[in-house]
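Counted from 1, the sequence shown has number 314 at position 314 by the UniProt record's numbering; the numbering is strictly sequential.
For glycine and all other residues, C-beta sits at the position ideal for the given N, C-alpha and C.
One structure is given below, encoded as structure tokens.
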Amino acid sequence: MNKTRFLQKAVRHIDNAGQIRQFLESHPEAQRDINEKDEHGDTLLHFASRIHNMDVMAVLLEFGADPEAVNEHGRRPIHEVIDSLACVQFLVEKCHVDVNAMKRGDWTPVMIAALKGNLEIVKFLTASGALLNRHTRDGRTALYLAVQEELSKYLTDQYPAAITQATNSGRFPTQAAAALHNDHEAAIDITHYLLSHAIIPLPKLLGHRDNSGRNMLLDSAVSQNLPLLQFLLDQGADANDADSLGRNMIHHAAMMGHLNVLQMLNTLEGLNWNAPDAWDYWTPLMHAARQGHFDIVKYLMESIQVDPTSKDKQGRTAQALARIALLWHHDAIAAYLSSSS
């Protein structure tokens, strides 16, 4: 039988252990062709692993399937079964597959499990020898990829050095936690846990900047996590910290339309609400006008009483930026600033 036809016919029985066994037993060439690959590099074991059919996987392995077969995406059977604890255990304990096998040269099984938030599989892989200091091409460790509070704590306990293992962009897991915007309570809890288990002093962690110059404080402001923002300030974070473009919390909040952040910052002393950034010399008011955040413009003008006459590198005021209507259509803001001048 043609090898390709063998694979095509066999895969029709991939969800039934009895049928796949009967098929393989009726074809003398089965053991020779059991590891044949389709146009994407998938073997029969890849297909069975993908649907988490452990009984079929066992039959295929009995007939000589390679548990370390790699497809064109660099995926092995262990990568395909990563959502099934039973299948992962089967491949590791019965087939002794490499628990640190890398998909496309960087993603290990424990990284994928961490990203998916599967604590039990992460625990099993770690106990089976998964290395937690490995990282993806962009520098993310399993801890950085973790998306569940409990999972983050487990990985921290297993390998606390990962707390200060930066990605290629210079970001720590603490920054990833501070930047979480969909669950502020979890973000606070994770951040507290990471900070309390870090092996470097707190001031150094608070002051750490990624390649764009952002730190935890700026990340928490962008994510609008006010309790975390207050906690970081209470721990000694500098409210005037700015990124590599000279943009501080006020700039980012104004730019993104985060009125609640600005209202909280207004309770602090010593902030320069008219500070220009280092890129275009835009003030927070200019950023708000450029982005069309009318409520932010009004708040800055009426509650903070910022200076609307400040000019950027090109000599433009916030009103002039809002008047570029052909591009941004912020006529109402321009009219408001004109009447307020």
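- Closest in alpha carbon position to Ala322, among Glu269, Gln89, Asp295 and His287, is His287.
- Contact between Gly213 and Asp243 is confirmed by a C-beta separation of about 4 Å, below the 8 Å threshold.
- With contacts defined as CB atoms closer than 9 Å, Ala275 and Gly246 qualify as a contacting pair.
- Closest option to Ala278, judged by alpha-carbon separation, among Asp241, Val88 and Gln19: Asp241.
- It is roughly 49 Å from the alpha-carbon of Asp295 to the alpha-carbon of His79.
- Ranking Arg75, Glu29, Ala166 and Arg137 by CA distance to the CA of Asn211 puts Ala166 first.
- Cβ neighbours of Gln175 within its own chain (closer than 6 Å, five residues either side excluded): Met216 and Asp219.
- Between Asn35 and Ala69 a beta carbon distance of about 6 Å is seen, short of the 8 Å cut, so the two are scored as contacting.
- Beta bridge pairing from DSSP links Trp107 with Lys103.
- Asn71 places its beta carbon less than 9 Å from that of Gly41.
- With respect to the 9 Å criterion, Leu115 and Ser49 are not classified as neighbours on the basis of their beta carbons.
- Here DSSP, grouped into helix, strand and coil, assigns Arg316 to coil.
- Per DSSP, reduced to three states, the secondary structure at Val70 is coil, with no helix or strand assignment.
- Between the C-alpha atoms of Thr164 and Lys311 there is a straight-line separation of about 40 Å.
- Per DSSP, Leu180 is not a residue of any alpha helix (DSSP H), being assigned neither H nor E.
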